[in-house]
Amino acid sequence: MKSRFLLAGAAFALLAAPFAHSQLVAAADTSVASKATIGAWGIDLAGGDGSVKPGDDFYRFASGKWDDATEIPADRASVGSFNELRERSTVQVKDLIMAAPAGSKYGAMYASFMNEDQAEKIGLAPLMKDLAVVRAIRNKSAFARHMGGTDGVFGISLFGAFVAADTTDPTMNGLFLGQGGIGLPEREYYFADQFKSQREAYRAYMERTFKALGNPDPKAAADAVFNFESNLAYKSWKAADRRDVDKTNNPMSSAELAKYAPGVDWAALHAGWKIPMQKRIVVREKTAIKAHATLFAETSLETLKLWQLFHIADQAAPYLTKAMVDSRFEYAKNLSGVQTQRPRWKRGTDLVDSTLGELVGKDYVAKHFPESSKAKMEALVANLKVAMAGRIKGNAWMSPTTKTAALDKLERMEVMVGYPYKFRNYDALKVDPKDLYGNVVRAGKFNADYERSQLGKKVDRKLWGMNPQTVNAYNGFTENKIVFPAGILQAPYFDPNADDAVNYGAIGGVIGHEITHGFDDQGRKVDATGAVRDWWAPEDAKRFEEQAKIFGDQYAKYEVAPGAFINPKLSMGENIADLGGLSVAHEAYLNSLGGKAAPVIDGLTGDQRFFLAWAQVWRTKMREAALRSQVNTGPHSPGMYRAFAPLRNIDGWYQAFNVQPGQKLYIAPEARARIW
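According to our numbering, the stretch in the sequence shown is residues 273 to 948, in order.
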């Protein structure tokens, strides 16, 4: 369904959503992960700056020369190891598309997107048909029904419904309801001074869009919609609060919801969702839902229709004429600071990935992910689970009762590597190589209907929340599983032929990160079965929060751009997962040596290679607009901070690089955070 605030776990990289499970062409792009750059054993020796002391600036020590020599491509908001691997995955998917046999659905989807002449010839005709439906609405009940029907297709709703494992009985799929309705990335974009230019660009884009749609007074229409969204934003929850498992767990029936949040015809909205009134809905942003229902009642039908018309056109724009595409990009570039539109073939590949992800994913795995890599990765995960168990047992601040429950959760944590046990079937989806607009609409409905069909059924743990080709990983909180798609299991994150220290520092850190999510500030509120339940002794929870505050206070001091600081409340879960993950990975690496000394390679000890591998997979350059966006909207700290910030709390890093008092990154042992 349309607004997926995925209640599936915590994603590893740059796209995690609250309680969420949240591209490369030329030789210059591929070089970051090539053997020529990373060396025969896995570290880019030439990319570091040896003139800097590790204890003063570990990021520059590991990647300073790379940072100096690297320019952000004009069509990107950032560049770095993670970005380059995503670029490579995009090329790999494109190659599969280009080699697709006649009759291939993903080949047809791509062909329809690449046919720009057809898009110009058709013009706005298909869009106008959808807009006519909105213009014909005569009352708010009909509008509410239409809002519900936007799930999976072009349009917007004040309330995002999705299906996921229930918070009390995680063996069954339930219905969840979250806030929606705004077009800018986050509520702060409507008010904060630092986002004034983005607001102005959005408002100008609205006016251009209404003009393109033939509105007689585009300025007045844009003013009405922007003011409505500003009111919605004011009543919306902040991103940091939306990731709180307890605050967002508010079950009630549909009837109770209608009484709690009057102002909307909830029966009509359910009809639009094609879902009967429910005995149980988990309402996430409870007070925002109530406030949005009130705003709906207080806002004229004319303004609501203008709001819906704009968002249908906005979401459809990438699949329409060049004028519509360019107008949208003129606004969008202000959000991230990119200078040029991404090449059309990349956008077409992204469309295939988002609409037919598991169909192309099955072929991707067959070509790019050997079973030998799967076996080695599974062995690494097993080693890290053993190390995590050891750290839980040795935890100085946790009571025996809570330790027993934590060990049970770890033992029952399921591991999935490379690809799902079964792939989705897309036979019922029609894809026409000459009908781009229709393809996108049909695919959206197909995927929304698929999700909706899971409501009330047993949770199928074999299903994934990511495609196999995705460069990411996640912890499925409510299923107590960790998932590592094939896309991220490539150099520099994972190389079966690389030095063990490097693999443990790179992909090992990823594995440990996902394991730790089950025990971070929100994951610890979910038990071994996936149910939201407090299984911690009160004194243990208190000690955990004390250590988390020590850790968070460190991040609150990092200024990523003038006046923009990392939000420790928003990023706490990911920061804890980085610290815990790296600590667990380091212990697993030491265990793998079996008491023997690690070899010294190119003058670097095993411990040094381990920590350098972590730092180099997180080397990143970002545009200022992208940095500001990330610390205000996303749960992850920027990559250049992830490269060094958790290390300051790991004793082994100090020993490996002889970090001493007086150096800029030094933290006294008694002041270091001790979480996992």
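A virtual CB, placed ideally from N, CA and C, is assigned to each residue, including glycine.
Checklist entry - In angstroms, rounded to a whole number, what distance separates the CA positions of K605 and T674? => result Rounded to the nearest whole angstrom, the C-alpha separation of K605 and T674 is 48 Å.
Item to check | Which residues DSSP lists as bridging M444, in chain order | outcome: Under DSSP, M444 forms a beta bridge with K730.
Checklist entry - Going straight from the alpha carbon of A773 to that of D874, what length do you get? => result As the crow flies, the alpha-carbon of A773 is around 13 Å from that of D874.
Item to check | Nearest neighbour of P834, chosen from S855, Q466 and E388 [CA to CA] | outcome: Measuring from the Cα of P834, the nearest candidate turns out to be Q466.
Next on the checklist: What ranges does the alpha helix (DSSP H) occupy inside the stretch 327-380, keeping only unbroken runs of at least 4 residues that lie completely in it?
Outcome noted: Along the stretch 327-380, the alpha helix (DSSP H) occurs as fully enclosed runs of 4 or more residues at 330-341 and 353-370, listed in sequence order.
Item to check | CB contact flag (A560, K507, <7 Å) | outcome: Taking the C-beta atoms as reference points, K507 is found nearer than 7 Å to A560.
Checklist entry - How big is the Cα-Cα spacing for K936 and W890? => result A straight line joining the alpha-carbon of K936 with that of W890 spans about 20 Å.
Checklist entry - Among all the DSSP beta bridges, which residues are the ones paired with I779? => result Bridge partners of I779: none, in fact.
Item to check | Three-state secondary structure assigned by DSSP to P810 | outcome: Taken through DSSP and simplified to helix, strand or coil, P810 comes out as helix.
Checklist entry - Can you tell me whether DSSP reads A595 as helix, strand or coil? => result Under the three-state reduction of DSSP output, A595 falls in the helix class.
Checklist entry - Expressed to the nearest angstrom, what Euclidean distance is found between the alpha-carbon atoms of T481 and A585? => result The alpha-carbon atoms of T481 and A585 are separated by roughly 7 Å.
Checklist entry - Quick one: any contact between the stretch 572-591 and the stretch 860-875, if contact means 3 or more CB pairs under 8 Å? => result The stretch 572-591 is not in contact with the stretch 860-875.
Next on the checklist: Within a Cβ cutoff of 8 Å, which residues of the same chain sit near N522, ignoring the five residues on either side of it in sequence?
Outcome noted: When the five nearest sequence neighbours on each side are left out, the beta carbons in the same chain lying within less than 8 Å of the beta carbon of N522 are those of V554, V555, R556 and K558, in order along the chain.
Item to check | Close Cβ partners of A414 (< 8 Å) along its chain, the five nearest in sequence each way excluded | outcome: Contacts found: A540.
Next on the checklist: Using only the alpha-carbon positions, how far apart do A341 and R895 sit?
Outcome noted: Rounded to whole angstroms, A341 to R895 spans 16 Å at the Cα level.
Checklist entry - Hey, would you say A565 sits closer than 7 Å to A543, going by beta carbons? => result Cβ distance not < 7 Å, so A565 and A543 don't count as in contact.
Checklist entry - Are the beta-carbon atoms belonging to L504 and G453 less than 7 Å from one another? => result Cβ distance < 7 Å, so L504 and G453 count as in contact.
Next on the checklist: For T892, list the residues DSSP reports as bridge partners.
Outcome noted: Residue pairing from DSSP places T892 in a beta bridge opposite G352.
Next on the checklist: Whether or not the stretch 737-749 and the stretch 808-825 are in contact is what I'm after, with contact meaning three or more pairs of Cβ atoms, one per stretch, closer than 8 Å; do they touch?
Outcome noted: Counting C-beta pairs with one atom in each stretch, the stretch 808-825 and the stretch 737-749 have fewer than three that are closer than 8 Å, which means they do not touch.
Checklist entry - Which residues share a DSSP beta bridge with Y709? => result DSSP lists no partner for Y709.
Checklist entry - Does the stretch 828-844 come within contact of the stretch 780-789, defined as at least 3 CB pairs closer than 8 Å? => result The answer is no - the stretch 780-789 does not touch the stretch 828-844, with fewer than three Cβ pairs under 8 Å.
Checklist entry - Taking C-alpha atoms, which residue in Y636, K401, G780 and T440 lies nearest to E650? => result The residue with the shortest Cα to Cα distance from E650 is G780.
Item to check | Any non-hydrogen atom of the ligand GDP closer than 6 Å to Y709 Cβ | outcome: The model on display carries no ligand, and the ligand GDP is accordingly not part of it.
Next on the checklist: Taking 7 Å as the limit between beta carbons, can you name the residues of its chain near F500, skipping five residues before and five after?
Outcome noted: Counting only Cβ-Cβ distances below 7 Å, and skipping sequence neighbours, we find T571, T575 and W579.
Item to check | For S626 and A494, the rounded distance between their alpha carbons | outcome: Going from the Cα of A494 to the Cα of S626 covers about 30 Å.
Checklist entry - Thinking C-beta only, is Q880 closer than 7 Å to A928? => result Yes, the Cβ-Cβ distance between A928 and Q880 is below 7 Å.
Checklist entry - Smallest Cα separation from N863: which of E817, L447, G662 and P615? => result When only C-alpha atoms are compared, the closest one is G662.
Item to check | For N487, the nearest candidate out of W338, L403, A512 and M419 (CA to CA) | outcome: Comparing Cα-Cα distances from N487 to each of W338, L403, A512 and M419, the minimum goes to L403.
Next on the checklist: Here's the rule I'm using: 16 or more other beta-carbon atoms within 10 Å means buried, otherwise exposed. How should R796 be labelled?
Outcome noted: Burial check for R796: the Cβ neighbour count within 10 Å reaches 16 or more, so the residue is buried.
Checklist entry - So which of A945, Y691, L727 and L399 has the shortest CA-CA distance to H640? => result The shortest C-alpha separation from H640 is found at Y691.
Next on the checklist: Could you tell me the alpha carbon to alpha carbon distance between M738 and N719, rounded to whole angstroms?
Outcome noted: Near 14 Å, if we compare the C-alpha coordinates of N719 and M738.
Next on the checklist: Quick check: what's the CA-CA separation for A234 versus R815?
Outcome noted: A query on residue 234 cannot be resolved here, the shown segment of the chain reaching from 273 to 948 and no further.
Item to check | Inter-residue spacing [alpha-carbon to alpha-carbon] between A305 and S353 | outcome: With a pLDDT of only 35 at A305, under 50, the local geometry of the prediction cannot be trusted, and no value is derived from it.
Checklist entry - When burial is assigned at 16 or more other CB atoms within 10 Å of the CB, is G934 buried or exposed? => result Classification of G934: exposed, given that the 10 Å Cβ count is below 16.
Item to check | Rounded distance between the beta-carbons of I848 and Y913, thought under 8 Å | outcome: With a Cβ gap of about 14 Å, Y913 and I848 do not count as contacting.
Checklist entry - Just curious, the alpha helix (DSSP H) that A668 is in, first and last residue? => result DSSP places A668 outside any alpha helix (DSSP H), giving it a letter other than H or E.
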